[in-house]
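Chains D and E are the protein sequences, given in the same order. For the first sequence, my numbering gives the first residue as 1, with consecutive numbering after it. For the second sequence, my numbering gives the first residue as 1, with consecutive numbering after it. Cβ atoms here follow ideal geometry from the backbone N, Cα and C, with glycine treated the same way. Heads up: the structure comes next, in structure tokens.
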Amino acid sequence: EAGVTQFPSHSVIEKGQTVTLRCDPISGHDNLYWYRRVMGKEIKFLLHFVKESKQDESGMPNNRFLAERTGGTYSTLKVQPAELEDSGVYFCASSQGILAGVADTQYFGPGTRLTVL
Amino acid sequence: SQQGEEDPQALSIQEGENATMNCSYKTSINNLQWYRQNSGRGLVHLILIRSNEREKHSGRLRVTLDTSKKSSSLLITASRAADTASYFCATDDRGGSEKLVFGKGTKLTVNP
Chain D
1 EAGVTQFPSH SVIEKGQTVT LRCDPISGHD NLYWYRRVMG KEIKFLLHFV KESKQDESGM
61 PNNRFLAERT GGTYSTLKVQ PAELEDSGVY FCASSQGILA GVADTQYFGP GTRLTVL
Chain E
1 SQQGEEDPQA LSIQEGENAT MNCSYKTSIN NLQWYRQNSG RGLVHLILIR SNEREKHSGR
61 LRVTLDTSKK SSSLLITASR AADTASYFCA TDDRGGSEKL VFGKGTKLTV NP
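What follows is the structure in structure tokens.
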């Protein structure tokens with residue numbers, strides 16, 4: 001079974017440019033999550049999709065970040081325009097869903113390392 | 001807000017020794033998960049322990065959970081150089097959100 005995949009693995013852009021990150025969850029997983037880790041800080045939650053709907057976007061830092069999951073399969077996270085403080089590693093995770101009222105294991109992708117110069 | 005906090009921040013041991021990492025959190029949880037991250041790589045899920053469980057084993061890993069103390073420990077027995085990585089605990093939110101809250105991690109170095 002293929003795991004969570006993310007593309008690209010690395011991205012280096014200049015401040016003010018736009019970058020789009022892609023995540024392909026494990027097949028059949030309805031839940032898709034985005035997290036990020038900026039240098040020296042904890043891994044922080046950004047948002048959660050259930051199929052194509054945004055269930056929780058409380059972690060999105062500002063309106064420069066736009067996440068979509070059209071069709072409930074893969075997801076994209078667009079940063080426009082990128083700022084220096086957006087540099088970090090962006091992780092995507094997926095899970096099967098709620099099991100007996102309790103959230104299931106989240107499986108993470110390898111992450112996209114974003115560097116904004 | 002709840003937060004997983006790992007202790008110690010860094011741990012260096014010799015191959016063959018056991019490594020114990022601790023995690024504390026602040027609010028009620030449904031489950032607690034441990035993840036490993038090798039340098040520059042993604043997060044690998046190690047083990048999930050539910051709030052009604054006290055101990056769980058997986059190979060050389062042993063996880064305990066004490067909900068009264070809001071703490072968990074991860075024990076790696078007979079460590080290997082390949083165990084060198086950062087280890088994170090992550091808790092969910094019993095209030096209903098499925099987001100995970102991570103600590104800063106413990107950086108484990110196993111010297112050959």
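Within 10 angstroms of its Cβ, does residue i collect 16 or more other Cβ (buried), or is it exposed?
{"i": "LEU66 of chain D", "result": "exposed"}
{"i": "GLY118 of chain D", "result": "The question about residue 118 of chain D has no answer here: the residues shown for chain D are numbered 1 through 117."}
{"i": "MET21 of chain E", "result": "buried"}
{"i": "LEU77 of chain D", "result": "buried"}
{"i": "SER1 of chain E", "result": "Legend: pLDDT at SER1 of chain E = 32, less than 50; position of this residue unreliable, no value from coordinates given."}
{"i": "THR106 of chain E", "result": "buried"}
{"i": "GLU55 of chain E", "result": "exposed"}
{"i": "GLN37 of chain E", "result": "buried"}
{"i": "ASP66 of chain E", "result": "exposed"}
{"i": "LEU117 of chain D", "result": "exposed"}
{"i": "ALA82 of chain E", "result": "exposed"}
{"i": "LEU108 of chain E", "result": "buried"}
{"i": "SER68 of chain E", "result": "exposed"}
So who's on the other strand from residue i, going by DSSP bridges?
{"i": "GLN33 of chain E", "result": "E:LEU48, E:ALA90"}
{"i": "LYS104 of chain E", "result": "Per DSSP, none; premise fails for LYS104 of chain E."}
{"i": "GLU55 of chain E", "result": "E:THR64"}
{"i": "ASN76 of chain E", "result": "Per the sequence shown, the amino acid found at residue 76 of chain E is Ile instead of Asn. Bridge partners of ILE76 of chain E: E:ALA19, E:LEU61."}
{"i": "GLN6 of chain D", "result": "D:CYS23"}
{"i": "SER94 of chain D", "result": "D:LEU32, D:TYR107"}
{"i": "ARG113 of chain D", "result": "D:HIS10, D:VAL89"}
{"i": "LEU111 of chain E", "result": "In the sequence as displayed, the identity of residue 111 of chain E is Asn instead of Leu. DSSP lists E:GLN14 as partners of ASN111 of chain E."}
{"i": "SER39 of chain E", "result": "The partner list for SER39 of chain E (beta bridge, DSSP) is empty, contrary to what the question assumes."}
Between residue i and residue j, what straight-line distance do the alpha-carbon atoms span, to the nearest angstrom?
{"i": "SER51 of chain E", "j": "SER28 of chain E", "result": "9 angstroms"}
{"i": "LEU114 of chain D", "j": "LEU46 of chain D", "result": "15 angstroms"}
{"i": "GLY3 of chain D", "j": "THR105 of chain D", "result": "13 angstroms"}
{"i": "SER12 of chain E", "j": "GLN55 of chain D", "result": "41 angstroms"}
{"i": "LYS15 of chain D", "j": "PHE49 of chain D", "result": "28 angstroms"}
{"i": "ASN94 of chain D", "j": "LEU100 of chain E", "result": "At residue 94 of chain D the sequence reads Ser, which differs from the Asn that was named. Rounded to the nearest angstrom, the two C-alpha atoms are 12 angstroms apart."}
{"i": "THR77 of chain E", "j": "HIS57 of chain E", "result": "11 angstroms"}
{"i": "THR112 of chain D", "j": "ALA82 of chain D", "result": "15 angstroms"}
{"i": "ASP30 of chain D", "j": "GLU68 of chain D", "result": "14 angstroms"}
{"i": "THR20 of chain D", "j": "VAL38 of chain D", "result": "17 angstroms"}
{"i": "GLY59 of chain D", "j": "GLY72 of chain D", "result": "20 angstroms"}
{"i": "SER75 of chain D", "j": "LEU43 of chain E", "result": "19 angstroms"}
State the CB to CB distance for the pair residue i and residue j, rounded to an integer number of angstroms; the pair is presumed to be in contact (CB under 8 angstroms).
{"i": "GLU17 of chain E", "j": "ARG80 of chain E", "result": "The Cβ separation is near 10 angstroms, so there is no contact."}
{"i": "THR84 of chain E", "j": "VAL110 of chain E", "result": "5 angstroms"}
{"i": "LYS104 of chain E", "j": "GLN9 of chain E", "result": "7 angstroms"}
{"i": "ILE49 of chain E", "j": "LEU32 of chain E", "result": "5 angstroms"}
{"i": "ARG22 of chain D", "j": "VAL89 of chain D", "result": "The pair is not a contact, with the Cβ atoms about 15 angstroms apart (cut-off 8 angstroms)."}
Q: With 7 angstroms as the limit, tell me which residues of the region 16-27 of chain D have their beta carbon closer than that to any beta carbon of chain E; keep them in chain order.
A: none
Q: Quick one: which residues of the region 40-52 of chain D get their C-beta closer than 7 angstroms to a C-beta of chain E? List them in chain order.
A: GLU42, ILE43, PHE45, HIS48
Q | Within 8 angstroms of chain D by C-beta, residues of the region 41-75 of chain E in sequence order | A | ARG41, GLY42, LEU43, VAL44, HIS45, LEU48, ARG50
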